[in-house]
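Peer 1:
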Amino acid sequence: LHLVMNAADFVCRKEIIKNQDKYREAAKLEINVLEKISENDPHNKHNCVQMLNWFNYYGHVCISFELLSLSTFDFLKSNNFLPYPINQIRHMAQQICHAVSCESSMHHTDCAAPLSLFCCTSASMPGMRLMRLVDFGSATFDHEHHSVIISTRHYRAPEVILELGWSQPCDVWSIGCILFEYYKGFTLFQTHDNKEHLAMMERIQGPIPQRMIQRSRYPKYFHRGHLDWNECSKAGRYVKSKCKPLREYLLSHGREHHHFFDLLERMLEYDPSKRISLSSFHTQLKKKNIINQK
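Start counting the sequence shown at -15; every next residue gets the next number (my numbering).
1) Just to confirm, are K186 and L211 a CB contact at a threshold of 8 Å?
2) Label F170 either buried or exposed according to how many other C-beta atoms from any shown protein chain fall within 10 Å of its C-beta, with 16 as the threshold for buried.
3) Shortest alpha-carbon distance to D255 belongs to which of H241, R74, E143 and H207?
4) To the nearest angstrom, how far is it from the Cα of I21 to the Cα of M115?
5) Return the chain-ordered ranges of every alpha helix (DSSP H) run that is complete within the stretch 146 to 212 and spans a minimum of 4 residues.
6) Any contact of the stretch 236 to 248 with the stretch 61 to 68, i.e. 3+ C-beta pairs under 8 Å?
7) If the criterion is Cβ atoms closer than 8 Å, does the pair W150 and M251 meet it?
8) Determine the extent of the beta strand (DSSP E) in which I260 is found, giving its start and end residues.
9) According to DSSP, what are the bridge partners of C32?
10) Determine the burial state of R259: buried for a count of at least 16 other Cβ atoms within 10 Å of its Cβ, exposed for fewer.
11) For N31 versus L117, is the C-beta spacing smaller than 8 Å?
12) Please report the distance separating the alpha-carbon of C81 from that of H266.
13) What residues match up with S55 in a beta bridge as DSSP calls it?
14) Distance, Cα to Cα, G190 vs L262?
15) The alpha helix (DSSP H) with Q78 in it runs from where to where?
16) For S264, I'd like the list of residues in its chain whose CB is within less than 6 Å of its CB, leaving aside the five on either flank, ordered along the chain.
17) Please classify L234: does DSSP put it in a helix, a strand, or coil?
18) To the nearest whole angstrom, what separates the beta carbons of L101 and I145, a pair I think is in contact under 8 Å?
19) Starting from the C-beta of V223, find all residues in its chain whose C-beta is less than 7 Å away, skip the five residues before and the five after it, and write them out in chain order.
20) Could you tell me the alpha carbon to alpha carbon distance between Q4 and F57, rounded to whole angstroms?
21) With a CB to CB cut of under 6 Å and the five nearest residues on each side skipped, what residues in its chain are close to A141?
22) In the DSSP assignment, the alpha helix (DSSP H) including S217 goes from what residue to what residue?
23) Which of the three DSSP states is assigned to S22 in this structure?
24) CA-CA distance, Q79 and I73?
In structure tokens:
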């Protein structure tokens, strides 16, 4: 991380970047993205954090932002990881989708890490949390070089793990993971190993498609067209105890919960070409009346 510290006052939040070349370069890239966002969304209608100013202080790049409250992760933590209510999740899902789609040619690539989503207060919508998407240090435009490995581990899409190339659908997968975390209060894919991660995916969403296996740059993960995984091993028992088919995580059999999981399944579709798009996701939220609208 390039962040050294947060220096908060009553007006804004500040980031102070380490005085090292690689951190300065990373900061300049993030500033470029933030300026592009401000240029295209001057009235901040897309729920992305607003950069107020930036300056150089003896080699340290300093960025000031609008003052925000807790990250959604810190808010969960402060409530002993009790899940958010379903109506709150609907509202948050709409805002996250809106924020990530603010620039069609840009991919946040780390948007769904809970620490990248902050809350702010709203006098006009008491009881509802307004969201701000932050940390654009990993954001990538279509015309720029795409790093092979992106995203925080727990929110990483299968095409990224298998190194099949990626574009905006990887953000959709990540958002699906974070919405699940809001719903249940814990991380869906709690792992730090690629093969174990894939085993968890299969436990939750079924077998990985053959087409993706055949194109993968990691044949060592597979044997005869299937994930090379021993369910009787210590790791296998861990995955079996931690993961189950997605629908078994339902907290209620009410219509709203089933509608939410319908969309969640489409966000966690293996094949990025078949995964629901951000625009379709937003449309479906409205169509199924999952978002409370005034």
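Note that CB positions come from ideal geometry on N, CA and C, so glycine has one too. As the structure is a prediction and not an experimental result, all values here were calculated from the model.
Peer 2: This is what the structure holds:
1) As a first step, residue 186 must be located in the sequence shown, where it is residue number 202. As a first step, residue 211 must be located in the sequence shown, where it is residue number 227. Reading off the sequence, residue 186 comes out as Glu, not Lys. Yes, these two residues count as a Cβ contact at 8 Å.
2) As a working mapping, residue 170 is identified with position 186 in the sequence shown. By the 10 Å Cβ count, F170 comes out exposed.
3) Your numbering for residue 255 matches position 271 in the sequence shown. Closest option to D255, Cα to Cα, is E143.
4) As a first step, residue 21 must be located in the sequence shown, where it is residue number 37. As a first step, residue 115 must be located in the sequence shown, where it is residue number 131. C-alpha of I21 to C-alpha of M115: approximately 16 Å in a straight line.
5) The qualifying runs are 153 to 168, 178 to 189 and 194 to 199.
6) Counting C-beta pairs with one atom in each stretch, the stretch 236 to 248 and the stretch 61 to 68 have fewer than three that are closer than 8 Å, which means they do not touch.
7) Locating residue 150 in the sequence shown gives position 166, counting from the first residue. Locating residue 251 in the sequence shown gives position 267, counting from the first residue. Between W150 and M251, the CB-CB gap reaches or exceeds 8 Å.
8) Within the sequence shown, numbered from 1, the residue matching residue 260 stands at position 276. That residue, I260, is in no beta strand (DSSP E); it is neither H nor E in DSSP.
9) For the purposes of this step, residue 32 is identified with residue 48 of the sequence shown, where counting begins at 1. Partner(s): L117.
10) Here the question's residue 259 lines up with position 275 in the sequence shown. Flag for R259 reads buried.
11) Numbered from its first residue, the sequence shown carries residue 31 at position 47. Numbered from its first residue, the sequence shown carries residue 117 at position 133. In contact: N31 and L117 (Cβ atoms closer than 8 Å).
12) Within the sequence shown, numbered from 1, the residue matching residue 81 stands at position 97. Within the sequence shown, numbered from 1, the residue matching residue 266 stands at position 282. The alpha-carbon atoms of C81 and H266 are separated by roughly 7 Å.
13) Within the sequence shown, residue 55 is the residue found at index 71, counting from 1. According to DSSP, S55 bridges with F102.
14) Position 206 of the sequence shown, counting from 1, holds the residue named residue 190. Position 278 of the sequence shown, counting from 1, holds the residue named residue 262. Near 23 Å, if we compare the C-alpha coordinates of L262 and G190.
15) Walking along the sequence shown from the start, residue 78 turns up at place 94. Counting along the chain, the alpha helix (DSSP H) containing Q78 begins and ends at I70 to V84.
16) By 1-based counting over the sequence shown, the position of residue 264 is 280. None.
17) Numbered from 1 along the sequence shown, position 250 holds the residue referred to as residue 234. In the structure shown, the three-state DSSP call for L234 is coil.
18) If you number the sequence shown from 1, residue 101 lands on position 117. If you number the sequence shown from 1, residue 145 lands on position 161. Rounded to the nearest angstrom, the Cβ distance from L101 to I145 is 23 Å, too far for a contact under 8 Å.
19) If you number the sequence shown from 1, residue 223 lands on position 239. Result list for V223: E180, A183, M184 and R187, in chain order.
20) Walking along the sequence shown from the start, residue 4 turns up at place 20. Walking along the sequence shown from the start, residue 57 turns up at place 73. Whole-angstrom Cα-Cα distance: 29 Å.
21) As a first step, residue 141 must be located in the sequence shown, where it is residue number 157. C154 and W157.
22) Counting from one through the sequence shown, the residue named residue 217 turns up at place 233. S217 -> no alpha helix (DSSP H), and no H or E assigned at all.
23) On the sequence shown, residue 22 is found 38 positions in, with the first residue counted as 1. Correct three-state label for S22: helix.
24) Start at 1 with the first residue of the sequence shown, and residue 79 comes out as number 95. Start at 1 with the first residue of the sequence shown, and residue 73 comes out as number 89. Each residue's alpha carbon lies about 10 Å from the other.
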